[in-house]
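Trainee:
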Amino acid sequence: MSLNFFMQNLINALQWGSFYALIALGYSMVYSILMLFNFAHGDIFMVGAYIGLGVSLVLLKVVGTGAAALVPGWVVLVATILISMFLTAFVGIIVERVGYRPLRDAPRASAAITGLMIGIILETSNILFLGGQRLAFPQLIESRTYNIGGIFITNKKIMIVVVSIGLMLALHQFVTRSRWGMAMRAMAYDFVVVPLVGVPLNTIAVMTFAIGSALAAAAGILFGLSYPVLDPYMGVSFGWKAFVAAILGGRGSIMGACIAGFMLGFIEIMTVPGIQIINRLFALNIGSNLRDLIAYSIVLAILIFRPHGLFGEPYSAKLRL
Amino acid sequence: MRHGRLLIAVLLCAGLVISPSVWAASDVINIGFPIPLTGDNPDVGASSKNAAEMYLKKFPTVKVGAKTYKLNFIYEDNEFKAESAVKALTKLITEEEVLAVVGPQASAQAVPAGEIANNNATPMISPWSTNPNTTLNRPYVFRGCFLDPFQGPVAANFVTEELGAKKAAVLYDIASDYPKGLAEFFKQAFEKIHGPGSVVAFESFTTGDKDFSAQMANIVASGADVLFTPQYYSEVPLIVRAAKENGFNKPIMGSDSWGSGDLMGLCGDDCKGFYFSTHYAAAGARGATKAFIDEYTAAFGKTPDDVAALTWDSLGIMIQAIQNTGGLSGDLKADRTKVKDALASIKDYPGITGKMTFTPEGDPIKCAVVVKINEQGQFAFHKSVCP
């Protein structure tokens, strides 16, 4: 594998990992604080992408397109991301209010299947309202491909990675530096005792869902920019894989979820050239479609050696967020 | 419908009284059309009937041997259902005493109807059915379009001759029958021309994958001259995008699955300039095809779709076969077999969707149309390619 080839795949992996990392954060936060898996999170990513589609179409109608546009495309993009994050946060709040709060004292299994059901409801309502056909995401900024010494980088790839890392750092600052962040960390430590000292559990839960959903919406819009075909089931496999990243990162670790997200992207992408090398070395004929089989076998092996995830610690020990 | 049939019956009776020439049954050739005039897909029936009516207006009689016969077309509704297709065809064969059948169109009706036609030894040609089972082991059943696997060699020839490709890459969904079959047929055909190993990248993915960047990096590194990707319209935009982003700026070739659905709505500018093979293209057609399109558009106020074009050709080749018998005996059973034999031995029938010659199975060896997605985003006729 030449260095160029490796770098090309590394850049692709960074972009792909960004989506996993952003979605994994939502899983990780809810899991840390409420001890439940929000399985609807992948579908909130889908809803975020569709909200982004609607918002951007409305904005494009208002400001115009092409040469007649009032403002450049990137302004529309920034506005789309911010408005969609705000709107999708409300979707997350509704999901928490309708699906999880009434079941807070129910067995954990009931709360887990709530997520699955809400996911199915979101998917099928999308089909109900939008007809189920695939939709094209408007390309708000022009795609440019740069050839840097044989490595091809697009402006969108750079933007996606930069925006994702920026959002993760912002979240990290919020959780570690602000009072609300401190409340969230406390709740992650013990969500039975902490409310007794006056920290409002419901507010924290709503905030967790809102932040997680907003990040998923950002991921959805960035996804739409580079993979411009949206379909109602786009969130399902993303949800599963980001969930893997969240667990792989370790319970309660924001950095862990981010790093595990990028790692997952890296393993998935690198498996394809890996298969090619193995084929050449051993004169085999393995197809690149075995990517997920091999990639997730590697993840399984990692979990066997680190059952609490990369940055997680055994239960009852100190938990960080 | 009852009143409609009654009206037709009355009109037919009137016709019998008015024109004595129809009295002698031997002077008329009946051709049956079991087509979906109602049901889920009436557009298919309408296109078939339009094409047939246009043919009848242009060629009301046919000369077989020394005798001139009047053509009589009988349209029987199959409601786009398998069981109605069987009923309609049985009626045409046993009651209406048709010499030959053109239809049904879709495989769902053509496969069961083909059984009836073959059992009753009546020549049948389905213009639009692509399922291999329609004609399989049925000597009396033919079709007017090519089979799916056939596009592999077509694409291999096209990229070799037109695009000068010596090394090809393939990207396909291994979990879906149509792309998988086509990818393998393309590989076989391309390696037959350029030798083993000339397909330098044979990359696969599974249904639902969105990211093809890793496969595309392999394809770029392999140095292929062209990419063949027989995928559906929902995946093509993502594949084309991945190609551009990873620096693959060589031509991309697809199959008729590109033409289904709203490809240009999803793909936009990214897909312009690429090619795919299909049955027929209305935009940019030339010669006899253009004449047919103009005539049809003038008569019915819309561009003929592939059903209309394939029905026109299937009907034409059937009439040609009837003429090639050199004379009908008047014994329906013997004549039907004669027509079947004549149909099987037609060579290079010049249809508007390409030249047609039947294999022993009753499937045409015909040239496919390669369209180029032009700057306006239309699927424009580029070249007719033969296997």
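Chains A and B are the protein sequences, given in the same order.
Note that the first sequence covers residues 881 to 1201 in my numbering.
Note that the second sequence covers residues 119 to 505 in my numbering.
Where is the CB? At the ideal position from N, CA and C, for every residue including glycine.
The structure presented is a predicted model; accordingly, all values stated were derived computationally and were not measured.
For residue 468/B, return the contacting residues in chain A, with the cut-off set at a CB-CB distance below 8 Å.
Mentor: In the second sequence, counting from the first residue as 1, residue 468/B sits at position 350. Within chain A, no residue comes near residue 468/B; the closest Cβ sits about 39 Å away, beyond 8 Å.
Trainee: What are the residues of the region 883 to 897 of chain A that lie near chain B, defined by any Cβ-Cβ distance shorter than 7 Å?
Mentor: Cβ contacts with chain B come from 885, 888, 889, 892 and 896.
Trainee: Excluding sequence positions up to five away, which residues of its chain have a Cβ less than 7 Å from the Cβ of residue 238/B?
Mentor: Counting from 1 along the second sequence, the entry for residue 238/B is found at position 120. Cβ neighbours of residue 238/B beyond the five flanking positions: 211.
Trainee: Who are the Cβ neighbours of residue 66/B in its own chain at under 6 Å, not counting the five residues just before and after it?
Mentor: This structure gives no information on residue 66/B, because the portion of chain B shown stretches from 119 to 505.
Trainee: Between the beta-carbon of residue 158/B and the beta-carbon of residue 198/B, is there less than 8 Å?
Mentor: Sequence index remark: in the second sequence, residue 158/B carries index 40 (1-based). Sequence index remark: in the second sequence, residue 198/B carries index 80 (1-based). Cβ atoms of residue 158/B and residue 198/B: closer than 8 Å.
Trainee: Could you tell me which residues DSSP pairs with residue 395/B in its beta bridges?
Mentor: Sequence index remark: in the second sequence, residue 395/B carries index 277 (1-based). BP columns for residue 395/B point to 488/B.
Trainee: Smallest Cα separation from residue 1183/A: which of 1134/A, 1155/A and 1126/A?
Mentor: Taking the first sequence and counting its residues from 1, one reaches residue 1183/A at position 303. If we check each option's Cα against that of residue 1183/A, 1126/A comes out closest.
Trainee: With DSSP as the reference, label residue 1089/A as helix, strand or coil.
Mentor: As a working note, residue 1089/A is residue 209 in the first sequence. Residue 1089/A falls in the helix class under three-state DSSP.
Trainee: For residue 142/B, collect the residues of the same chain with a Cβ closer than 6 Å to its Cβ; drop the 5 residues on either side in sequence, then sort them by chain order.
Mentor: The residue given as residue 142/B occupies position 24 in the second sequence. Because the pLDDT at residue 142/B is just 46, under 50, the model does not fix this residue reliably, and the point stays unresolved.
Trainee: Have a look at 975/A, 931/A and 1044/A and flag the residue whose alpha-carbon is nearest the alpha-carbon of residue 919/A.
Mentor: For this step, residue 919/A is matched to residue 39 along the first sequence. Residue 919/A has its Cα closest to that of 975/A, out of 975/A, 931/A and 1044/A.
Trainee: Put residue 142/B into one of helix, strand or coil per three-state DSSP.
Mentor: Locating residue 142/B in the second sequence gives position 24, counting from the first residue. For residue 142/B, the predicted model reports a pLDDT of 46, less than 50, meaning its position is unreliable; a value from the coordinates is still stated below. Coil at residue 142/B, not helix or strand.
Trainee: Answer yes or no: do residue 1003/A and residue 923/A have a C-beta to C-beta separation smaller than 8 Å?
Mentor: By 1-based counting over the first sequence, the position of residue 1003/A is 123. By 1-based counting over the first sequence, the position of residue 923/A is 43. For residue 1003/A and residue 923/A, yes; Cβs fall inside 8 Å.
Trainee: Does the region 463 to 478 of chain B come into contact with the region 421 to 435 of chain B, if we say contact requires no fewer than three beta-carbon pairs (one atom in each stretch) closer than 8 Å?
Mentor: Touching, per the Cβ criterion.
Trainee: Take the Cβ of residue 1152/A as the centre, count every other Cβ of all protein chains shown within 10 Å, and call the residue buried at 16 or more, exposed below.
Mentor: Along the first sequence, read from residue 1 onward, the residue named residue 1152/A stands at position 272. By the neighbour-count rule (16 or more Cβ atoms within 10 Å), residue 1152/A is buried.
Trainee: Give, in chain order, every unbroken run of the alpha helix (DSSP H) that is at least 4 residues long and sits entirely within the region 148 to 184 of chain B.
Mentor: You should have 160 to 176.
Trainee: For a test of the three-state rule: what should DSSP assign to residue 498/B, helix, strand or coil?
Mentor: Indexing the second sequence from 1 puts residue 498/B at position 380. The answer is strand: DSSP assigns residue 498/B an E or B state.
Trainee: In the region 1159 to 1178 of chain A, which residues sit with their C-beta less than 8 Å from some C-beta in chain B, listed in chain order?
Mentor: So the list reads 1167, 1168, 1169, 1171 and 1172, given in the order they occur along the chain.
Trainee: How about residue 1020/A: is its C-beta nearer than 8 Å to some C-beta of chain B?
Mentor: What you label residue 1020/A is simply residue 140 of the first sequence in a count that begins at 1. Output row for residue 1020/A: interface = no.
Trainee: For residue 1026/A, which beta-bridge partners are listed by DSSP?
Mentor: As a first step, residue 1026/A is located in the first sequence; it is residue number 146 there, counting from the start. Answer is 1033/A, bridged to residue 1026/A.
Trainee: Do you know how far the Cα of residue 998/A is from the Cα of residue 1028/A?
Mentor: Along the first sequence, one-based indexing puts residue 1028/A at 148. Along the first sequence, one-based indexing puts residue 998/A at 118. Cα-Cα distance, rounded: 45 Å.
Trainee: What are the start and end residues of the beta strand (DSSP E) that includes residue 321/B?
Mentor: Here residue 321/B corresponds to residue number 203 of the second sequence, with the count starting at 1. It spans 317 to 323 - the beta strand (DSSP E) in which residue 321/B sits, taken as one unbroken run.
Trainee: Report yes if the CB atom of residue 1047/A is closer than 8 Å to the CB atom of residue 902/A, and no otherwise.
Mentor: Counted from its first residue, the first sequence places residue 1047/A at position 167. Counted from its first residue, the first sequence places residue 902/A at position 22. Yes, the pair counts as a contact, with Cβ atoms nearer than the cut-off.
Trainee: In or out: residue 181/B buried (at least 16 other Cβ within 10 Å) or exposed?
Mentor: Here residue 181/B corresponds to residue number 63 of the second sequence, with the count starting at 1. Residue 181/B comes out exposed.
Trainee: Any C-beta of chain A sitting closer than 8 Å to the C-beta of residue 177/B?
Mentor: Counted from its first residue, the second sequence places residue 177/B at position 59. Chain A, which has no Cβ nearer than 8 Å to the Cβ of residue 177/B, makes this no.
Trainee: Between residue 139/B and the rest of its own chain, which residues show a CB-CB distance below 8 Å, the 5 nearest in sequence each way excluded?
Mentor: Indexing the second sequence from 1 puts residue 139/B at position 21. Note that residue 139/B scores 42 on pLDDT, short of 50, meaning its location in the model is unreliable; the coordinates nonetheless yield the value given after this. Excluding residues within five positions, the ones whose Cβ falls inside 8 Å are 145 and 188.
Trainee: Can we say the region 1141 to 1149 of chain A touches the region 1169 to 1184 of chain A, given the rule of at least three CB pairs closer than 8 Å?
Mentor: Taking 8 Å as the limit for Cβ pairs, the verdict is that the region 1169 to 1184 of chain A does touch the region 1141 to 1149 of chain A.
Trainee: Contact between the region 305 to 312 of chain B and the region 264 to 278 of chain B: three or more CB pairs below 8 Å?
Mentor: Yes: at least three Cβ pairs fall under 8 Å.
Trainee: Contact criterion: CB-CB distance below 8 Å. Does residue 241/B meet it with respect to chain A?
Mentor: Position 123 of the second sequence, counted from the first residue, corresponds to residue 241/B. Judged by the 8 Å Cβ criterion, residue 241/B is not in contact with chain A.
Trainee: Taking residue 1036/A as the reference, which of 892/A, 1190/A and 908/A has the closest Cα?
Mentor: Locating residue 1036/A in the first sequence gives position 156, counting from the first residue. Answer by Cα proximity: 892/A.
Trainee: When you compare the region 1157 to 1169 of chain A with the region 929 to 941 of chain A, are there three or more beta-carbon pairs, one atom per stretch, that lie closer than 8 Å?
Mentor: No, the region 1157 to 1169 of chain A is not in contact with the region 929 to 941 of chain A.
Trainee: Taking the Cβ atom as the reference point for each residue, do residue 299/B and residue 267/B lie within a distance shorter than 8 Å?
Mentor: Residue numbering aside, residue 299/B sits at position 181 when the second sequence is read from its first letter. Residue numbering aside, residue 267/B sits at position 149 when the second sequence is read from its first letter. Cβ atoms of residue 299/B and residue 267/B: closer than 8 Å.
Trainee: Are residue 362/B and residue 344/B closer than 8 Å when you measure CB to CB?
Mentor: Residue numbering aside, residue 362/B sits at position 244 when the second sequence is read from its first letter. Residue numbering aside, residue 344/B sits at position 226 when the second sequence is read from its first letter. Contact flag unset, no.
Trainee: Kindly list the residues whose CB is nearer than 6 Å to the CB of residue 393/B, restricted to its own chain and excluding five residues on each side of it in sequence; keep chain order.
Mentor: The residue labelled residue 393/B in the question sits at position 275 within the second sequence. Contacts found: 371, 488 and 490.
Trainee: So is residue 471/B buried or exposed if we call it buried at 16+ other beta carbons inside 10 Å?
Mentor: Here residue 471/B refers to the residue found at position 353 of the second sequence. Classification for residue 471/B: buried.
Trainee: Using a C-beta cutoff of 8 Å, does residue 326/B count as contacting chain A?
Mentor: Your numbering for residue 326/B matches position 208 in the second sequence. Chain A, which has a Cβ nearer than 8 Å to the Cβ of residue 326/B, makes this yes.
Trainee: State yes or no: is the beta carbon of residue 1153/A nearer than 8 Å to at least one beta carbon in chain B?
Mentor: Start at 1 with the first residue of the first sequence, and residue 1153/A comes out as number 273. Chain B, which has a Cβ nearer than 8 Å to the Cβ of residue 1153/A, makes this yes.
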